[in-house]
Each structure stands twice: as structure tokens, then as C-alpha cells.
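In our numbering, the protein residues as written are 5 to 157.
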Amino acid sequence: MGRMIPLLLAALLFMSSGLQAEDASRNSTAEDEATRELAAIQGIWIRTVTTDQGEFTITKDHAGHTTSLVITDAGGNVVEEKHSKFELNIDGPVRIFTFSDNVFVAGPNRGRVAPAPQSYIYRVVGDTFYEFRGLLTDQNEPINVITWKRAKE
């Protein structure tokens, strides 16, 4: 019996260190995935929208954890510009993009600040960035898919 206690303690210690290594590995994998996701969305993304007022180009630039979004008309004139902060969250297979502190710096809303966070599901496939809006449970907006193309350098 006297020899069993040290052996049991050694076995428990061994199992405990294995579980800690597994947790550390899981955390490292999650951090790696978060780093890959952040890297995937960095850069300039563009889409074009046609309305009854004409054609507009919307350009957004993700740099670090900030976004600059500029809307220009067909003549290249800035119609609106805003800057915001964002964070990415991964919940199982779902990727969520949340932006906040939306500050309008040009256009008719200049000076307005929309601090409340807004979220959408996103996915990057190659050079295409998809925004899936209206799918989260707290959203009352219509479901909408917005497609962005990575700007060619």
C-alpha cells in the first residue's frame, strides 16, 4: 500500500500534465485560427452598387482592427466616408464580424457617430468576402448577402 500512493500520485500528475498540454494545444489552435481569419480579411475590398441615382463604388479597407469605408460616385467624388473598429469571433463553424464606433467623416452624415455594435456572419473564399446580414437572432433586418471582391494590387 505504501508504494501504491506514490505511484497513484505520479499517474495523476502525468494525466494532469497531459490534460494541460491538450488545453494549451486547443488554445493555440484557436489563436492560430483567429490570426488566420484576421489576415484573410486584411486589405482593400470593392463592390459596385447601382441605384436610381447612379452607380457607386464602395471601397472598404481593413487594416488591423479598423475599417475605412468610402463611397464614391461614377465621377470619383466622395459621397460618404466612415471609419470603425471591428473584432472577429469564431463560434464553431460560424464567423462573426462585429464593428462599432462608426464615425462618419465625409458626406451628409459627417460628424455623426454610431457607437452601437453591429454584427454579421462573414466568410472569405479566395478573393471574395461575403457578408451575410440579418441571420443573427437579434437582427430584425431582411436577410441580405453582400459580396466584395479583393482589390487587385
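For glycine and all other residues, C-beta sits at the position ideal for the given N, C-alpha and C. Treat the numbers as computed from the prediction; the structure is a model and nothing was measured.
By the neighbour-count definition (other C-beta atoms within 10 Å, threshold 16), R99 is a buried residue. Between the segment 104-114 and the segment 141-154 there are fewer than three inter-stretch CB-CB distances shorter than 8 angstroms, so the stretches are not counted as touching. In this structure W49 touches F133 by the C-beta definition: roughly 5 angstroms separates them, less than 8 angstroms. Relative to the Cα of G115, the nearest Cα in the group N81, H87 and A38 belongs to H87. Considering only D56, T55, P121 and V74, the residue with the shortest C-alpha distance to K64 is V74.
Listed in chain order, the non-local C-beta contacts of R127 below 7 angstroms within the same chain comprise R99 and Y134, local neighbours out to five positions each way being set aside.
Checking the DSSP bridge columns, you'll see N93 partnered with I100.
A residue is called buried once 16 or more other Cβ atoms fall within 10 Å of its Cβ, and I94, having fewer, is exposed. Collapsing the DSSP output to three states places T63 in a strand. Annotation: the segment 121-153 contains the following complete segments of the beta strand (DSSP E) (minimum length 3 residues), in chain order: 122-129 and 132-137.
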